[in-house]
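S.K.:
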Amino acid sequence: MTLEKTMKRCPGESLLLRMNVTALFLLIFASASYAQWESQASGTTVRLRGVSAVNQSVAWASGDKGTYARTVDGGKTWVSGRVPGSEDLDFRDVDAFSADTAYLLSIGESEKSRIYKTVDGGLHWTLQFKNSRATAFFDAMAFWDSDHGIAVSDPVDGRFLIITTEDGGATWKEMPADGMPLALVGEGAFAASGSCITVQDKRNVWFGTGGPLGARVFRSTNGGRSWTVATTQITTGKAAGIFSILFSDANHGVVVGGDYTKEREVGNNTAWTSDGGRTWQLAETKRPNGYRSGVALIHKTKGKMLVAVGPTGSDVSMRGGKSWRVLGDEGFHSASFAVRSNAGWAVGEGGRIAKYTGSFN
4 MTLEKTMKRC PGESLLLRMN VTALFLLIFA SASYAQWESQ ASGTTVRLRG
54 VSAVNQSVAW ASGDKGTYAR TVDGGKTWVS GRVPGSEDLD FRDVDAFSAD
104 TAYLLSIGES EKSRIYKTVD GGLHWTLQFK NSRATAFFDA MAFWDSDHGI
154 AVSDPVDGRF LIITTEDGGA TWKEMPADGM PLALVGEGAF AASGSCITVQ
204 DKRNVWFGTG GPLGARVFRS TNGGRSWTVA TTQITTGKAA GIFSILFSDA
254 NHGVVVGGDY TKEREVGNNT AWTSDGGRTW QLAETKRPNG YRSGVALIHK
304 TKGKMLVAVG PTGSDVSMRG GKSWRVLGDE GFHSASFAVR SNAGWAVGEG
354 GRIAKYTGSF N
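For any residue, its number in our numbering is found by taking its place in the sequence shown, counting from 1, and adding 3.
Structure (structure tokens):
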């Protein structure tokens with residue numbers, strides 16, 4: 004007997020059946036909404052802030068107390084370790100290119116801001132850069148390829164400080180200060196997820212900022228030698244602004260953020276651009292469900308599928324950041340998806356690592 008016939012023959016029973024079916028559908032929908040991340044054992048209990056997905060098998064993560072972690076089997080097993088002599092460092096950013104090659108950036112004033120590199124899967128690490136400027140504080144780095152990279156520091160002498168490498172990190176050079184617009188009073192970049200700076204193609208680079216006087220996006224088309232800057236309507240404040248930025252091509256980008264002291268406040272926490280970052284539009288009424296510290300692009304999808312993460316949960320957008328829907332309520336600090344596959348991971352407090360298992364449509 005079909006469901007339709009049963010409902011027609013027994014009005015009372017059909018109502019109960021409808022209610023049960025509706026409840027079942029809601030349960031299935033809720034399960035689908037909150038079962039997008041599959042927890043994995045990271046091998047560490049420290050707070051993890053950085054993550055870099057290489058392919059469907061390889062990913063790296065980084066965190067406090069000089070910690071890094073790596074998987075080469077899709078996350079079935081993670082092996083964690085500490086960079087020798089870095090126990091007091093906080094690695095907020097990791098950029099990986101294979102199971103063997105990865106860069107780590109630690110944050111902090113003066114010499115605590117460093118960049119390390121391994122070419123043998125973490126067996127050995129080379130200290131490539133140690134900050135010597137007393138007032139510098141490096142927040143994040145990004146790489147066009149395994150040889151060409153860029154890193155950003157909070158303002159020094161009134162301007163954001165940029166360093167670049169063209170030889171795989173063997174040397175890092177400061178970019179000319181006169182090519183950088185003046186910073187606003189109290190303006191800085193946020194090191195919450197190692198993703199406040201992003202690159203695209205061979206020379207394009209953007210980074211986002213925050214502070215009491217505004218949240219802005221800086222843009223360079225010549226590898227960081229000269230910059231322009233655009234204002235956004237992202238929430239501002241001492242602890243507020245843009246925390247993460249990405250571009251899917253030279254024109255289309257998205258920023259996420261908010262106020263990290265008000266984790267559940269939505270506010271103006273995301274914006275998008277279609278003109279390379281010259282102008283920014285706030286997302287429509289449906290925005291990420293709270294402050295968000297990281298945003299990532301799922302590359303192997305028909306549309307521009309974005310995932311935003313923060314301490315109160317994660318969200319997804321199929322419209323280039325113009326609108327969002329809730330993905331889950333498990334908190335993360337950052338997320339990353341491999342360029343040549345749809346494999347992705349997110350990391351958070353207490354050594355939390357999870358792999359994305361949701362739909363890619």
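Glycine included, each C-beta is placed from N, C-alpha and C at the ideal position.
Please report the residue range of the beta strand (DSSP E) in which A99 lies.
M.R.: Start and end: D93 to A99.
S.K.: Give every residue of the same chain whose Cβ lies closer than 8 angstroms to the Cβ of T288, excluding the five residues on either side of it in the sequence, and list them in chain order.
M.R.: So the list reads S326, once near-sequence residues are dropped.
S.K.: For N225, count neighbouring Cβ atoms within 10 angstroms of its own Cβ and tell me buried if that reaches 16, exposed if not.
M.R.: N225 comes out exposed.
S.K.: In whole angstroms, give me the CA-to-CA distance for S337 and W348.
M.R.: Each residue's alpha carbon lies about 9 angstroms from the other.
S.K.: Under three-state DSSP, which class holds K289?
M.R.: Of the three classes helix, strand and coil, the one that applies to K289 here is coil, per DSSP.
S.K.: Per DSSP, which one or two residues make a beta bridge with S223?
M.R.: Paired residue(s): V208.
S.K.: DSSP three-state call for E112: helix, strand or coil?
M.R.: Three-state result, E112: strand.
S.K.: Closer than 6 angstroms by C-beta to A299: which residues in its own chain qualify, once you throw out the five before and the five after it? Chain order, please.
M.R.: These residues qualify, in order along the chain: V310, A338, S339 and F340.
S.K.: Between G316 and the rest of its own chain, which residues show a CB-CB distance below 8 angstroms, the 5 nearest in sequence each way excluded?
M.R.: Here the set comprises N292, G293, V329, L330, G331, D332, E333 and G334.
S.K.: Report the residue ranges of all beta strand (DSSP E) runs contained in full by the stretch 116-200; include only those spanning at least 3 residues, in chain order.
M.R.: Segments of the beta strand (DSSP E) lying fully in the stretch 116-200: 117-121, 129-133, 141-146, 152-159 and 162-168.
S.K.: How big is the Cα-Cα spacing for V220 and G324?
M.R.: Their Cα atoms are separated by approximately 16 angstroms.
S.K.: Does DSSP put G260 in a helix, in a strand, or in coil?
M.R.: Of the three classes helix, strand and coil, the one that applies to G260 here is strand, per DSSP.
S.K.: Quick one: give me the first and last residue of the beta strand (DSSP E) that A243 is part of.
M.R.: Here the beta strand (DSSP E) through A243 covers A243 to F250.
S.K.: Is there contact here, the stretch 146-154 with the stretch 123-130, by at least three beta-carbon pairs under 8 angstroms?
M.R.: Short answer: they don't touch.
S.K.: Going by DSSP, name the residue or residues bridged to W275.
M.R.: W275 is bridged to V257 and Q284.
S.K.: Should S55 go down as buried or exposed, given a rule of 16 or more other Cβ atoms within 10 Å for buried?
M.R.: Classification for S55: buried.
S.K.: Measuring alpha carbon to alpha carbon, tell me which residue in N58, W175, G77 and M308 is nearest K120.
M.R.: Checking every option, the nearest Cα to that of K120 belongs to W175.
S.K.: Give me the Cα-Cα distance between R206 and M144, rounded to the nearest whole angstrom.
M.R.: So the two alpha carbons sit approximately 14 angstroms from each other.
S.K.: Do the stretch 131-145 and the stretch 163-180 touch if we need at least three Cβ pairs shorter than 8 angstroms?
M.R.: They touch, by the three-pair rule.
S.K.: Pull up the distance between the alpha-carbon of E41 and that of A357, whole angstroms please.
M.R.: The straight-line gap from Cα to Cα measures roughly 5 angstroms.
S.K.: Taking just the CA atoms, how far does G77 sit from W63?
M.R.: The straight-line gap from Cα to Cα measures roughly 11 angstroms.
S.K.: The beta strand (DSSP E) that contains Y294, what's its start and end?
M.R.: Segment: none, Y294 is in no beta strand (DSSP E) and carries neither H nor E.
S.K.: In chain order, what residues of the same chain have a beta carbon less than 7 angstroms from the beta carbon of S60, not counting five sequence neighbours either side?
M.R.: Excluding positions up to five away in sequence, the list reads V75, D76 and G77.
S.K.: What would DSSP say about E41, mapped onto helix, strand or coil?
M.R.: Three-state DSSP puts E41 in a strand.
S.K.: Would a C-beta distance cut-off of 9 angstroms place A194 and Q236 closer than the cut-off?
M.R.: No, the pair does not count as a contact, with Cβ atoms beyond the cut-off.
S.K.: Kindly indicate the opening and closing residues of the beta strand (DSSP E) around S83.
M.R.: From DSSP, the beta strand (DSSP E) with S83 extends over V82 to R85.
S.K.: Indicate whether V86 and Y71 have their beta-carbon atoms separated by less than 9 angstroms.
M.R.: Yes.
S.K.: Under the assumption that R228 contacts G182 (Cβ atoms under 8 angstroms), give the Cβ distance between them as a whole number of angstroms.
M.R.: Yes, R228 and G182 are in contact; Cβ-Cβ is about 5 angstroms, under 8 angstroms.
S.K.: Do R73 and S196 have their beta-carbon atoms positioned less than 9 angstroms apart in this structure?
M.R.: Against a cut-off of 9 angstroms, the Cβ pair of R73 and S196 comes out as no contact.
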